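K.L.:
Chains as they are written, first to last, in the working numbering: chain A, 35 to 582; chain Y, 40 to 324.
Don't be surprised by glycine CBs; every beta carbon is placed ideally from N, CA and C.
These figures come from a predicted structure and were not determined experimentally.
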Amino acid sequence: MSTAAERSASRKRAERQEQVLDFVDDRLGSSRWIRSALDKIFPDHWSFMVGEVAMYCFVLLLVTGVYLALFYSPSSAVVTYHGSYAPLDGQKMTQAYESVINLSFNVRFGLLMRQAHHWAANIFLAAIAFHMCRVFFTGAFRRPREVNWIIGITLLLISMLEGFSGYSLPDDLLSGSGLRVVFSIVQSIPLIGPWLAFTVWGGPFPGSSAFLERLFVIHEFIFPLLLAGLLGAHLAILWHQKHTDFPGPGKTEKNIVGSRLWPQYAIKSQALLMFVAMVVFGLGGLVQINPIWIYGPFEAARSSAGTQPDWYVGWLDGAMRLWPHWEFRSFGHEIANPFFPGILLPGLVFTAIYAWPWIDKRLFSDYGGHNLLDRPRDKPLRTALGVAALIFFVDCTLASATDLIGNGLQVSFELLIEILQYGSFIGPAVGGIVTYRACLLLQRGGAHPIQRPVGGIIVRDAHGAYHTLGAAHEEHAPGGHGADNGHSNAEEAVLERVGADREEAEADRAVRTGPGHGAEPVQEERQSGGAEPAVDEQGDQGGHHRQG
Amino acid sequence: MSQAPVPVARWRRPFEAIRRRALGGPLALIGVAVALFAVLSWAGPAQAGTPVRWTVPVSTKPADIKAGNVLFDLHCSSCHGMGAVGASAPALLSVGPAAVDFFVSTGRMPLNSPKAQPVRHRPYFSPKQIAQIVAYVNAVDVAHGTPGPGIPAVVAACKKQGPECPTLSEGDQLFLLNCAQCHDASGSGGMLSNGYVIPSLRAATATQIAEAVRVGPRPMPNFGPGQFTDQQVAAIADYVHWLSTAPDRGGLGIAHFGPVPEGFVAIIFGLGILLVVSRLIGNRG
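1. Sort A:Arg-336, A:Trp-327, A:Val-291, A:Tyr-329 by Cα distance to Arg-323 of chain Y and report the nearest one.
2. What are the residues of the stretch 155 to 182 of chain A that lie near chain Y, defined by any Cβ-Cβ distance shorter than 7 Å?
3. Can you check whether the C-beta of Ile-104 of chain Y is within less than 8 Å of a C-beta belonging to chain A?
4. Distance check for Cys-430 of chain A and Leu-356 of chain A, CA to CA, integer angstroms please.
5. Please report the straight-line C-alpha distance between Pro-157 of chain Y and Gly-316 of chain A, rounded to a whole angstrom.
6. Let me check understanding here. Comparing Cα to Cα, which of A:Ser-138, A:Arg-168, A:Ala-88, A:Phe-459 lies closest to Thr-278 of chain A?
7. With distances taken Cα to Cα, identify the nearest neighbour of Ala-262 of chain A among A:Thr-233, A:Ile-185, A:Ala-472, A:Leu-213.
8. Taking CB distances under 8 Å as the criterion, tell me whether Gln-270 of chain Y reaches chain A.
9. Output the distance between the C-alpha atoms of Ala-539 of chain A and Gly-402 of chain A, rounded to the nearest integer angstrom.
10. Mind reading off the beta-carbon distance from Gly-229 of chain Y to Asp-344 of chain A? Whole number of angstroms is fine, and I expect it under 8 Å.
11. Would you kindly report the start and end of the unbroken alpha helix (DSSP H) that includes Asn-136 of chain A?
12. Run through the DSSP bridge pairs and tell me what Asn-289 of chain A is partnered with.
13. Using a Cβ-Cβ cutoff of 8 Å, what residues of the stretch 189 to 216 of chain A are near chain Y? List them in chain order.
14. Can you tell me whether Ala-170 of chain Y is buried or exposed, with buried defined as 16 or more other CB within 10 angstroms of its CB?
15. Ser-225 of chain Y CB to nearest chain A CB: under 8 Å?
16. So that I know if they touch, is there some Cβ in chain A lying closer than 8 Å to that of Cys-221 of chain Y?
17. So Leu-415 of chain A and Leu-443 of chain A are supposed to be a Cβ contact under 8 Å. How far apart are they, rounded?
18. Go ahead and label His-11 of chain Y buried or exposed: buried means 16 or more other beta carbons lie within 10 angstroms of its beta carbon, across all protein chains shown.
19. Tell me the residue span of the beta strand (DSSP E) that contains Glu-368 of chain A.
20. Using a Cβ-Cβ distance under 8 Å, would Met-83 of chain A count as near chain Y?
21. Just the C-alpha distance for Thr-98 of chain A and Ala-150 of chain A, rounded to the nearest angstrom, thanks.
22. Kindly list, in the order they appear in chain A, the residues whose Cβ is closer than 8 Å to that of Tyr-278 of chain Y.
23. For Pro-283 of chain A and Gln-557 of chain A, what's the separation of their Cα atoms in angstroms?
24. Against Leu-317 of chain A, what residues of chain Y qualify as contacts under a CB-to-CB distance less than 9 Å, listed in chain order?
25. Using 8 Å as the Cβ pair cut-off and three pairs as the minimum, do the stretch 226 to 242 of chain Y and the stretch 161 to 169 of chain Y touch?
26. Rounded to the nearest angstrom, how far is the Cβ of Ser-133 of chain Y from that of Asp-180 of chain Y, given a contact under 8 Å?
27. Which residues does DSSP list as the beta-bridge partners of Gly-316 of chain A?
28. What is the rounded straight-line gap between the Cα of Asn-523 of chain A and the Cα of Gln-477 of chain A?
29. Give a yes or no on whether the C-beta atoms belonging to Asp-211 of chain Y and Val-173 of chain Y are separated by under 8 Å.
30. Would Val-299 of chain Y pass as an interface residue toward chain A - the criterion being a Cβ-Cβ separation below 8 Å?
31. DSSP puts Gly-229 of chain Y in a beta bridge; with which residues?
32. Bridge partners of Lys-126 of chain A, per DSSP?
33. Of all the options A:Lys-46, A:Pro-331, A:His-79, which has the alpha carbon lying nearest to the alpha carbon of Gly-321 of chain Y?
34. Could you check where the beta strand (DSSP E) with Arg-363 of chain A kicks off and where it finishes?
35. Which ranges does the beta strand (DSSP E) cover as unbroken runs of at least 3 residues, wholly within the stretch 61 to 123 of chain A, from first to last along the chain?
36. Identify every run of the alpha helix (DSSP H) within the stretch 209 to 255 of chain A, keeping only runs that are complete inside it and at least 4 residues long; order them along the chain.
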């Protein structure tokens, strides 16, 4: 169809593009780097994308946050409201609260942006938590990735603080009540508590007029900058060390199998960004969150029954409710009650999480580097401990909702607290033991509980005896749990065949959905220190190259 | 709609023509009535300066009292005793119409067992029967010489603050200061110690709210005339009624319970959808 004129025009266009690219390349020498970067290979597993969900939530938080910052005023000067919201008419409030009310009702897109910001924050933390669980349960934090684990936990910690500081900025009743609790917790730190609290707040609660301004600088400048910097480091280290992957056909400790950054992975990732934006703005437009006009401006004499923090701080609120009314006195100093659930518990929890890569090394006497992941069942002890910790977290989070649960189920508040107090011990213990047993059973069964019916493969050995075997799993089951060791040749042969079937199926899938140019799944060598990834398109090498 | 404003002079002429045909009088009257009605219904019935009667009259007709007596004997006397003198449940000799109307119209009474916690139900009696029971108990109280608080009248909030005109803002402040500790700032209820469930206020009528304020159904304290004027009670009732009927700004108000259901939605729907999406696009090479 194309005429000669069109053809020459497109040729001209291509030339011009080349000129521009040459211009950039001549000056920055970037084309080599870009080419290798675009060819960088990322493994294809859905759970590896949840960290990206968090990253895109952060991007949306920045975008919506910038819009909100245009209209928010961090001033605690008292004004009288005469705006469009009748129930607040004539009430005295801080300028901060008034600015958020005006931002919600009188600014175009204001309420949408505010709600999207809040939903994005809640989903951000949820995605980080899920990502952390994925890394934990698959052992992705092991050498050489301990540094990235520490950066990740720091990101989680800062995100929690960032979320709480944002929750406190509107200066509504929930904000004030939350700050009141935190003020008391800070005060309860032995010896330095009162000094610290008075320094941060600039006086006794509710603090000096500078407090909101400080909080604003922290929320919109310091923490986002820290988050952005640490996120950059997190990604740079990921880029340098290359992503981990589950063991599978053609996957070794030394290579990485998956799709190239351009075009496959970039398009997947951008699709994810669109979906994250859809969910965040969809919720922001359709579902109410934090209706501060109902809570009213903060006044010390007021409080509301359902005063809870956002979900990611709920476990600490719940711990405060569950903690018995103990107080200790020694050397003339009282250690106030809120110290234990408010400072000591999160301190211990985060210390344990930070130290986990080294605890894990000790626990499993495994000091080597790993690029291939564990399946959760491969390390029953780690998985059981993780599940126990999650149950403890859920128990504490439920405790922060005891008034709502009691209201819904018409159960006494005290009974619920007592159940959850016992539950915080019994739940993790039972959950851990059940998980441990389940891991062992799964190892024996060898099948994925979702993809295949639970059970096993029955094999007849050379002596005529029947055994239930794990299919392709014996090689990296630690300590040879479950199945008999030392199979006869016949048994090995059957195993081999079963394994080969699965491999064929998976290789098939890889071919079907594989990269555009070339039928084989792409792979790349891992080099421990090399910055230049060597691209290797040998294709599927067949057979196992896993190392335990 | 976007036409230029029509000059007044051009409009006056047809009106004059109509008046000349002797139709103008009634038409003008109807017009004024419609305009008045619109203004009144916009601003609420109680204008600044209009005297407001703050209690609803209770029937003293012997027929109503007698009918109420029959109903009382059938449904209430097994616990409250014949003649409301009390038995396994308290005597009702000084409770007044507000308490009776509140407990019966919210379906809290009759109660299956005197030990059970009265919670909101579909009312057992019709409004007419409720009025008859109220009339009977009121008559007993009056005869005993100890009449209790009457049923508080509630007027719709006014746009402008007048001497006897409650505003939403007044109700909002009183509600947040006195009620929100237990009933939540959004009126959705909560939990007290000893297994007392704090009810949601979202199903209650304005009159029932005002009655509860005056009566104090256990474990709620009662707020007498020394604490709230009649106008303040009306302001609280108006605000709560507004709270439960006004459309939610910003979308679906999930149970109006604050951050806990919000976190639930964020994790289950927000992250849940994104996990499904990750699963769908993540495993493709």
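P.N.:
Let me lay it out:
1. When only C-alpha atoms are compared, the closest one is A:Val-291.
2. If the cut-off is 7 Å between Cβ atoms, the stretch 155 to 182 of chain A has Asn-156, Ile-157, Ala-160, Ala-161, Phe-164 near chain Y.
3. False, the Cβ-Cβ gap to chain A never drops below 8 Å.
4. 8 Å
5. If you take the alpha carbons of Pro-157 of chain Y and Gly-316 of chain A, they lie about 41 Å apart.
6. Closest by alpha carbon: A:Arg-168.
7. A:Ile-185
8. no
9. Annotation note: pLDDT 48 at Ala-539 of chain A (below 50); position unreliable, no value reported.
10. Not quite, the Cβ-Cβ distance comes to about 19 Å (not below 8 Å), so this is no contact.
11. 129 to 139
12. Answer is A:Glu-559, bridged to Asn-289 of chain A.
13. Leu-207, Leu-208
14. buried
15. yes
16. yes
17. Not quite, the Cβ-Cβ distance comes to about 36 Å (not below 8 Å), so this is no contact.
18. Not covered by the structure: residue 11 of chain Y. The range shown for chain Y is 40 to 324.
19. Start and end: 367 to 369.
20. Yes, Met-83 of chain A lies at the interface with chain Y (some Cβ there is under 8 Å from its Cβ).
21. 7 Å
22. Pro-121
23. 12 Å
24. At a beta-carbon threshold of 9 Å, the residues of chain Y lying near Leu-317 of chain A are Gly-290, Val-304, Ala-305, Phe-308, Gly-309, ordered along the chain.
25. no
26. Contact flag correct, Cβ pair sits at about 6 Å.
27. Partner(s): none; Gly-316 of chain A has no beta bridge.
28. A caution first: Asn-523 of chain A carries a pLDDT of 42, below 50, which makes its placement in the model too unreliable to give a value.
29. Against a cut-off of 8 Å, the Cβ pair of Val-173 of chain Y and Asp-211 of chain Y comes out as no contact.
30. yes
31. Y:Ile-237
32. Per DSSP, the beta bridge partners of Lys-126 of chain A are A:Thr-114.
33. A:His-79
34. 362 to 364
35. Restricting attention to beta strand (DSSP E) runs no shorter than 3 residues, the stretch 61 to 123 of chain A encloses them at 112 to 114, ordered along the chain.
36. Considered as a whole, the stretch 209 to 255 of chain A harbours 227 to 235, 244 to 251 as its complete alpha helix (DSSP H) runs of no fewer than 4 residues, in chain order.
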